[in-house]
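**Q** Before anything else, here's the structure in question.
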Amino acid sequence: MYYPFITKWLIYDVIDSSHGFYVPRIKRKDQRSRTNLVFSCLTQKLDDRFEEQAKNEGLIELAGQYGGLKASMYN
0 MYYPFITKWL IYDVIDSSHG FYVPRIKRKD QRSRTNLVFS CLTQKLDDRF EEQAKNEGLI
60 ELAGQYGGLK ASMYN
C-alpha cells in the first residue's frame, strides 16, 4: 500500500538533513503542503540538472511555479 503523506515526510527528512544542498521553499514544517513538496537546490543550474536527471527516471513537470522544484505526491 502507498502512503503519500508518509513518503512526503521521508523526503522532507532528506531535504532537511542535506546540510543546505536541498533547500525547502517552506521553512516552517507546520506550513508545508501535505501533497506538494517544494524545494530547490543550491543554484538554478543544479535545479535544472536535478530536473533533467529526474526526467530521465520518469519524473516529469518538476519545475515549481515560483522557481525551484515541486513534486506532487498524489500523481
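Here the working numbering is used: position 40 in the sequence shown is 39, and no number is missing along the way. Glycine included, each C-beta is placed from N, C-alpha and C at the ideal position.
1) As a quick exercise: from R33, S39, I10, S16, pick the residue whose alpha carbon is nearest that of Q64.
2) Hey, which unbroken runs of the alpha helix (DSSP H) at 4 residues or more fall wholly within the segment 8-62?
3) Should R31 be counted as a contact of the ligand NAP given a C-beta to heavy atom distance under 7 Å?
4) Whole angstroms are fine: how far does the CA of D29 sit from the CA of E56?
5) Mind reading off the beta-carbon distance from R24 to G67? Whole number of angstroms is fine, and I expect it under 8 Å.
**A** Inspection of the coordinates gives the following:
1) S39
2) 43-55
3) Of ligands this structure carries none, so the ligand NAP is not represented either.
4) 30 Å
5) 5 Å
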